[in-house]
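Since the structure comes first, as structure tokens, the remarks are kept for the end.
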Amino acid sequence: MVLTVSEFLGRFHPVLVHLPIGILLMAAVFYVLSLREQYKALHQATTVALLLGMLSAIGSSISGYLLSISGDYEADMVSTHKWMGFAVAAVAVVSYFLHTKKNNAVKWTIGLMTLLIFITGHTGGSLTHGSDYLTKSITTPAAKTERKPIANVQEAVVYKDVVQPILEEKCYSCHNAAKQKGKLRLDGPEWISKGGKQGEVVISRNADESELIKRLLLPKQHEDHMPPKEKPQLNEKEIALLHWWINSGLSFDKKVKDLAQPEKIKPLLLSLQSAVSNEIKTKPQIPDAAVEQADAAAIKKLTDRGVVVLPVAQNSNYLLVNFVTVQGLSEGDIKLLLSVKKQLVWVKFANQPVNDAMLAILAECKAITRLDISYTKITDKGFVHLQQLPKLQTLNLVGTAVTTNGLMQLKNNQNLQAVYIYQSAVPKKDYAALKTALPKTTIDTGGYTVPMLQSDTTVFTKPKA
Amino acid sequence: MTQKELNNERLATEAKQKELQFFTRRHFLKESAMGFGALALGSLLGSCGNNMGMASSPVFDAAHPLAPRMPFFPAKARSVIYLHMAGAPSQLELFDYKPELAKLNGQDCPPSLLEGKKFAFIRGVPKMLGPQANFKQHGKSGLWVSDYLPHFSTIVDDVSIIKSVTTDQFNHAPAQLLMHTGSARLGRPSIGSWVTYGLGTENQNLPGFVVLTSGGNNPDAGKSVWGSGFLPSVYQGVQCRSEGDPVLFINDPQGMDRDLRKASIDAINKVNQEQYKEFNDPEILSRISQYEMAYKMQISVPEVMNINDEPEYIREMYGAQPGKGSFANNVLLARKLVEKGVRFVQLFDWGWDTHGTSADGAVDIGLINKCRQVDKAMTALILDLKQRGLLDETLVIWGGEFGRTPMQENRDGKEMPFKGRDHHAEAFSMWMAGGGIKGGTTYGETDEIGYSITSGKTEAFDIQATILNQLGFDHEKFTYDFQGRPFRLTDVSGKVITDILA
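Protein chains in written order, with numbering that gives the first Met the number 0: chain A, 0 to 464; chain B, 0 to 501.
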């Protein structure tokens with residue numbers, strides 16, 4: 000692309016505009032002050048300031064006009080700005096001559112000029128920084144529009160959910176309605192297909208020849224590289240996704256599942272499902288419904304007893320408790336849990352003298368999903384109470400005296416996923432029966448061994464033959 | 000006046016004078032000069048801003064530095080056991096099966112692999128060295144594991160092997176530092192310190208971060224790999240010994256009974272309380288809680304560190320023999336510690352540096368012996384955690400600091416007496432299990448000879464990010480303010496390896 004002289008001069012506009020703004024506003028202030036006796040001396044300075052301001056306003060108008068021809072901006076707004084700028088220059092000229100003639104009407108023209116400068120300045124600012132620049136942080140706290148996380152990427156619409164967010168984040172700022180660099184808009188299907196000054200930017204099913212992709216892949220230092228090197232760049236993943244989208248036919252309405260997905264694209268698509276945050280994919284065992292904060296006094300009572308009590312996370316009110324260091328556990332301690340029963344989800348009692356009577360109290364804590372009562376004193380009688388925990392998902396019964404009879408009572412715990420019965424009183428012959436009785440539950444019977452191998456005791460001093 | 004009265008009077012005068020010093024002009028000027036400066040600096044730096052996220056990093060509570068704290072989001076893992084094979088095990092003899100490399104055995108290394116590369120010991124043109132072990136697919140998942148690890152191959156369906164780990168350090172100490180602190184230079188906190196700083200620990204009678212070493216040496220990077228860096232020193236790893244007293248000087252000296260010990264600690268704490276009232280320095284509270292914890296640990300640490308009370312069949316399962324400083328003993332201890340609510344257990348086993356300079360360092364001799372020392376124990380660890388219902392909340396990580404070259408080492412350009420491999424930073428393998436990791440999976444690929452990574456490039460930062468993620472932390476938001484800016488374990492890198500998460 001050859002830069003013409005006029006285009007080159009036009010690019011000085013952003014620098015030059017600040018001169019008339021500053022000088023003419025200063026002239027206005029000088030003028031007002033010079034009306035007072037004590038600042039009378041400023042009268043002559045006003046003349047000089049108006050002259051300089053007028054000249055710089057004319058220079059800005061010319062450079063601005065040259066820049067507007069390049070057409071990278073939205074026509075309506077440019078037009079307003081252009082005519083306002085011309086008006087500033089014209090009124091400045093008039094003011095200068097009126098002032099030198101000591102004509103009193105100058106107060107009106109200087110007032111008008113000041114008003115015009117503010118309007119022109121604002122429209123100019125809107126052109127470069129976007130029309131919502133001034134008020135953006137006030138009206139919308141989050142600068143970016145919040146996007147809903149993609150629950151299932153295969154069901155997502157390729158353009159709307161995959162492509163558009165990338166363009167919006169990295170391209171819109173220069174290729175939108177208000178600012179159309181290279182006469183290109185990327186903020187809508189019709190504009191993307193239309194292309195820019197140099198024609199089409201995307202060729203369906205030929206990403207490698209598409210100008211959009213070519214520019215993204217140019218070395219960062221290259222003049223034509225997009226986005227410009229000082230702007231946020233697209234990462235490999237985003238380029239790969241755009242490339243894939245163009246190669247699979249530039250669809251604006253198809254869903255991800257309707258397009259062929261090469262091996263390389265699959266993980267990228269999958270990563271979009273959790274792209275909103277770095278959080279884990281699988282759901283931890285806490286209920287979806289929110290719960291109010293637990294009573295602080297109740298928590299205090301528990302912590303005073305040496306119980307670990309805390310929310311499962313900063314963004315959750317559900318609680319985990321661990322009795323690992325509690326000495327002399329009593330029924331009273333278990334009763335303390337009742338005041339946080341709505342919040343209680345993960346409970347650890349390992350190695351504590353928990354008995355069936357205590358489980359009866361615990362049965363009121365309906366929200367429990369994980370319960371570790373390994374190495375406690377519970378027996379088969381306790382299962383009546385465990386049955387009353389509908390949300391129970393993981394149950395650790397390692398090292399307890401429970402038998403098959405007790406475990407069979409867990410049939411009604413619909414959500415139970417895993418039960419650990421290593422070192423319990425369940426005989427080996429019942430394992431198969433248990434597994435048929437509780438088909439949805441993984442029953443870990445433990446008792447794993449790592450047999451001693453002959454090689455375990457061989458010490459090599461030379462290579463094996 | 001008796002001698003005792005004289006002494007008391009002298010002490011009283013000394014205390015009085017010490018106190019008066021805080022009212023002197025000199026003290027005032029000194030403190031205010033520093034104080035105002037710091038104040039001004041603080042407000043200057045404060046404007047740099049903190050991470051404005053929903054999640055906020057924990058605030059250091061000096062009175063209860065190890066009190067349990069909540070993560071950013073609900074965690075899959077509550078504890079971590081990190082098994083580090085110091086010296087760097089050979090991925091080409093253990094997990095990364097390269098039949099093509101066997102065909103090239105004994106041939107000159109092509110120049111394309113050597114151009115622009117630096118090696119620790121390889122000089123000139125080395126010969127390629129085929130895999131010395133026999134590989135087979137194991138389990139339902141069909142993961143490739145060599146016959147060097149006969150026990151481990153039975154549990155592949157519970158682990159995820161990452162074959163595409165890479166580092167930019169080819170010397171042991173910096174590579175270990177990078178792996179554990181996120182920086183190859185000294186001074187950053189280790190993962191265990193970050194984790195205990197973030198989460199505290201659930202058992203206040205035990206340290207939150209325990210370190211156990213075996214193999215006869217500490218790792219090359221020294222104790223900095225479990226250091227607390229710029230975090231408060233209470234978060235550094237507590238190294239316990241598996242032979243003799245677990246912690247040196249843990250028993251009361253002769254003539255000091257438990258009550259007297261308690262009385263003296265109470266007295267010291269009372270004096271410290273007075274001091275705190277006077278100066279409001281949070282470090283004093285920290286000291287008080289440390290004294291109390293140390294007192295409690297005198298009972299609880301020897302108790303938990305005793306493997307004699309484990310049943311015989313469990314000890315046999317691990318291959319543990321009480322009284323020895325072995326990896327097997329340490330692994331068994333690690334399980335016991337995690338069971339008791341210890342947050343982070345870090346094991347180092349030394350002796351994996353197989354250069355081929357001796358029989359012990361040969362990939363076809365010494366490496367087999369090293370594997371034998373860890374194979375049974377680490378297999379037992381996974382199975383034992385599993386049967387106790389602990390595997391789903393305990394994250395286990397295994398790995399070294401870098402890998403080993405597909406070329407045979409030719410130290411100083413000469414032929415070596417034994418088959419060895421040089422340090423290789425570009426590609427190596429690690430595995431993870433439990434704590435929300437998807438079992439029976441592999442992640443990443445290397446080229447046909449295991450020289451470079453072809454997909455799934457994984458840096459130390461990615462491993463660290465994944466560990467933090469499983470513990471409920473967004474590694475990008477988990478920061479500590481130091482020298483005027485927030486610091487992260489993963490610095491400016493790191494992405495969670497989502498492909499290996501269940």
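Backbone N, C-alpha and C fix where the C-beta goes; we use that ideal spot for every residue, glycine too.
Counted within 10 angstroms of its Cβ, other Cβ atoms place B:R77 as buried (16 or more) or exposed: That one is buried.
Among residues of its own chain, excluding the 5 on either side of B:F510, which ones have a beta-carbon nearer than 6 Å to its beta-carbon? Here chain B comprises residues numbered 0 to 501, so residue 510 of chain B is not present and cannot be evaluated.
Alpha carbons only, please: which of A:N350, A:W244 and A:L269 is nearest the one belonging to A:K159? A:W244
Could you tell me the alpha carbon to alpha carbon distance between A:K340 and A:E363, rounded to whole angstroms? Cα to Cα, the separation comes out at about 7 Å.
Using 10 angstroms around the beta-carbon of A:W82, count the other beta-carbons present and answer buried if the total reaches 16, otherwise exposed. Flag for A:W82 reads exposed.
Express the C-alpha separation of B:E447 and B:L100 in angstroms, rounding to a whole number. 7 Å
What are the boundary residues of the beta strand (DSSP E) that B:G398 is part of? T393 to G398 is the span of the beta strand (DSSP E), which, as asked, contains B:G398.
Does DSSP put A:Y374 in a helix, in a strand, or in coil? Coil at A:Y374, not helix or strand.
Distance, A:A239 Cα to A:L216 Cα: 11 Å
Would the segment 394-401 of chain B and the segment 78-90 of chain B be scored as touching if the rule is three or more Cβ pairs under 8 Å? yes
Give the residues from the segment 365-378 of chain B that approach chain A closer than 7 Å (Cβ to any Cβ), ordered along the chain. When C-beta distances to chain A are compared with 7 Å, the residues of the segment 365-378 of chain B below that value are I367, N368, R371, K375 and T378, in chain order.
At 3 residues or longer, what runs of the beta strand (DSSP E) sit wholly inside the segment 315-382 of chain B? 343-349
Between the segment 159-178 of chain B and the segment 206-217 of chain B, do at least 3 Cβ pairs fall closer than 8 Å? no
Thinking C-beta only, is B:L470 closer than 8 Å to B:L247? For the pair B:L247 and B:L470, the CB atoms are not nearer than the 8 Å cut-off.
Which residues in chain A have a C-beta closer than 7 Å to the C-beta of B:Q203? List them in chain order. Here the neighbours are T324.
If we define contact as Cβ-Cβ less than 8 Å, is A:P352 a contact residue for chain B? no
Applying a beta-carbon distance threshold of less than 7 Å, which residues of chain A neighbour B:G340? N321 and V323
Excluding the 5 residues flanking A:L233 on each side, which residues of the same chain have their C-beta closer than 8 Å to its C-beta? I165, K169, L215, P226 and L241
Is there at least one Cβ from chain A nearer than 8 Å to B:H150's Cβ? Against chain A, the CB of B:H150 has a partner CB under 8 Å away; the residue lies at that interface.
Neighbour list for B:F71 in chain A, Cβ cutoff strictly below 9 Å: E278, A312, Q313 and N314
From what residue to what residue does the beta strand (DSSP E) around A:V320 run? L318 to N321
What do you get for A:Q351, buried or exposed, if any count of 16 or more other CB atoms within 10 angstroms of its CB means buried? buried
Candidates A:N316, A:L406 and A:L335: which alpha carbon is nearest A:A432's? A:L406
Cβ of B:L382 within 8 Å of any chain A Cβ: yes
Sequence-distant residues of the same chain with beta carbon closer than 6 Å to A:P13, five excluded per side: none
Beta-ladder partner(s) of A:P310, from DSSP: A:L318
Determine the extent of the alpha helix (DSSP H) in which A:T393 is found, giving its start and end residues. Where A:T393 is concerned, there is no enclosing alpha helix (DSSP H), although the beta strand (DSSP E) it sits in stretches over T393 to N395.
Does A:N414 have its Cβ less than 8 Å from a Cβ in chain B? Not one chain B Cβ lies under 8 Å of A:N414.
Buried or exposed, going by whether 16 or more other CB atoms sit within 10 Å of the CB of B:Q407? buried
Note the first and the last residue of the continuous alpha helix (DSSP H) segment covering B:M406. Here B:M406 belongs to no alpha helix (DSSP H); instead the beta strand (DSSP E) covers G402 to Q407.
B:G186 and B:Q345 - do their beta-carbons sit closer together than 8 Å? No, they are not a contact pair.
Excluding the five sequence neighbours on either side, which residues of its own chain have a C-beta within less than 6 Å of the C-beta of B:F94, listed in chain order? I160 and S428
Per-residue DSSP class, three states only, for B:F484: In the sequence on display, residue 484 of chain B carries Arg and not Phe. Three-state result, B:R484: strand.
B:A85 (DSSP reduced to helix, strand or coil): strand
If you draw a straight line from the alpha carbon of B:K494 to that of A:K299, how long is it in whole angstroms? Annotation: B:K494 to A:K299 spans about 38 Å, alpha carbon to alpha carbon.
Buried versus exposed, by CB contacts within 10 Å (16 or more), B:I121: buried
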